[in-house]
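In what follows, a structure is listed as structure tokens, so that the remarks can point back to it.
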Amino acid sequence: MTSRASANGIEIAYDTFGSPSGRPLLLVMGLASQMIHWDEEFCGLLADHGHHVVRFDNRDVGESTHLHDAGAPAPGTDAPYLIGDMADDAAGLLDALGLEAAHVVGVSMGGMIAQSMAIRHPGRVLSLTSIMSTPSPQAAPPTDAAMAALMSPPSPDRETAIARALETWKVIGSPGYPLDEERIARIAGLSYDRAYDPAGVARQFTAIISSGDRAPQLKELSVPALVLHGEQDQLVPLPGGIATADAIPGARLVTYPGMGHDLPRALWGDFVAEISALTSAVR
1 MTSRASANGI EIAYDTFGSP SGRPLLLVMG LASQMIHWDE EFCGLLADHG HHVVRFDNRD
61 VGESTHLHDA GAPAPGTDAP YLIGDMADDA AGLLDALGLE AAHVVGVSMG GMIAQSMAIR
121 HPGRVLSLTS IMSTPSPQAA PPTDAAMAAL MSPPSPDRET AIARALETWK VIGSPGYPLD
181 EERIARIAGL SYDRAYDPAG VARQFTAIIS SGDRAPQLKE LSVPALVLHG EQDQLVPLPG
241 GIATADAIPG ARLVTYPGMG HDLPRALWGD FVAEISALTS AVR
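With the UniProt record's numbering applied, the sequence shown corresponds to residues 1 to 283, in that order.
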């Protein structure tokens, strides 16, 4: 059941899995993706491994605050907010939940937010897991096909939104694993029903491209870190994961043949094992 909390001047929708006495684990999703993209079964696996899991909607997606008054940014204009502001949202959510610190796991843009959270709020991040992400867009430019899929026009209705989601994941998903079209269609439909806001996605995208290179600041971190990346990722190619791991002192880099820009179900057990090994080692 979705709950809501006030954080950093906005309302954030979230829900939780597992015992509150477990290791706190904050899951941060990527561009245009709502918290429901963190599959409930995946969250349950993390909970089974001793975590108190929190997933949430970033600003401008799902049931969290949408900054409608900011409009859709035109190319070359100032971003209404940056990745650092979204990291402050996440830290504010920890405040609202009474959590002094948490293990933070971010995917894609969520990895950028997690990185920024470790930079801006180092005392709040017990460990950092950055999945299919990068310190800056320049470190890992998308392929032309991936960018074309990402920039598809707004959908006029629910059915078109579902169809475009399927086409997008056929481009950027994992060529080495079966495409779960039923799950993609279901999540796309639920996302459309919860909140469909192309202008909000444009604001998130502008935050990504306007936030600069985090690598110099990542080099100053002293946080246990894990970097997971697909070797066939077209949206954030493998050099992004390598650059992340190279920047964070002591980070462990794990790459997966056949994995693109998604989380294949066949690899969930491995992801959970890697994350759990990291979080359980932190004292």
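In this text, a Cβ means the ideal position worked out from N, Cα and C, and glycines have one as well. Please read all numbers here as calculations on a predicted model, not as lab measurements.
Bridge partners - Y256, DSSP secondary structure assignment: Stepping through the sequence shown from its first residue, residue 256 is reached at position 256. In DSSP, Y256 forms a bridge with G230.
Span of the alpha helix (DSSP H) around V272: As a first step, residue 272 must be located in the sequence shown, where it is residue number 272. Its alpha helix (DSSP H) spans residues W268 to A281.
Contact set for H51: own chain, Cβ-Cβ below 6 Å, skip 5 residues either direction: On the sequence shown, position 51 is the one that residue 51 refers to. The residues are G18, G22, R23 and L25.
DSSP state of P141 mapped onto helix, strand, coil: As a first step, residue 141 must be located in the sequence shown, where it is residue number 141. P141 falls in the coil class under three-state DSSP.
Contact belief for L93 with I12 at Cβ below 8 Å, rounded distance in angstroms: As a first step, residue 93 is located in the sequence shown; it is residue number 93 there, counting from the start. As a first step, residue 12 is located in the sequence shown; it is residue number 12 there, counting from the start. Confirmed, Cβ separation roughly 5 Å.
D213, DSSP secondary structure in three states: In the sequence shown, residue 213 corresponds to position 213, counting from 1. It is coil, neither helix nor strand.
Burial state of V282 (16 or more Cβ within 10 Å): The residue labelled residue 282 in the question sits at position 282 within the sequence shown. By the neighbour-count rule (16 or more Cβ atoms within 10 Å), V282 is not buried but exposed.
Separation of T279 from E238, as counted between CA atoms: Taking the first residue of the sequence shown as 1, we reach residue 238 at position 238. Taking the first residue of the sequence shown as 1, we reach residue 279 at position 279. Here residue 238 turns out to be Leu, not Glu, going by the sequence shown. Cα to Cα, the separation comes out at about 24 Å.
I172: first and last residue of the uninterrupted alpha helix (DSSP H) it sits in: For this step, residue 172 is matched to residue 172 along the sequence shown. Taken as a continuous stretch (DSSP letters only), the alpha helix (DSSP H) holding I172 covers R158 to I172.
Three-state class that DSSP yields for A199 in the structure shown: In the sequence shown, the residue the question calls residue 199 occupies position 199. Here A199 sits in helix by DSSP.
Beta-carbon contacts of L221 that lie in its chain and below 8 Å, excluding the five residues immediately before and after: Along the sequence shown, read from residue 1 onward, the residue named residue 221 stands at position 221. So the list reads A118, I119, P122, L128, I248 and P249, once near-sequence residues are dropped.
At least three beta-carbon pairs within less than 8 Å, the stretch 104-119 to the stretch 25-35: yes
Rounded straight-line distance, which links the Cα of T65 to that of K219: One-based indexing of the sequence shown puts residue 219 at position 219. One-based indexing of the sequence shown puts residue 65 at position 65. Answer to the nearest angstrom: the Cα atoms are 33 Å apart.
For P24, the residue or residues it bridges with in DSSP: Reading the sequence shown from its first residue, position 24 is the one you call residue 24. Beta-bridge pairing links P24 to H52.
Enclosing alpha helix (DSSP H) for G30 [first to last residue]: As a working note, residue 30 is residue 30 in the sequence shown. Where G30 is concerned, there is no enclosing alpha helix (DSSP H), given that its DSSP letter is neither H nor E.
Residues near P257 by beta carbon distance below 7 Å, same chain, minus five either side: Numbered from 1 along the sequence shown, position 257 holds the residue referred to as residue 257. Same-chain partners within the cutoff: G176 and E231.
From A245, I131, I162 and D95, residue whose alpha carbon lies closest to that of A185: Along the sequence shown, one-based indexing puts residue 185 at 185. Ranking the options by Cα distance to A185, first place goes to I162.
Contacts around E41, its chain only, beta-carbon distance under 8 Å, and the 5 residues preceding and following it disregarded: By 1-based counting over the sequence shown, the position of residue 41 is 41. Contacts found: W268.
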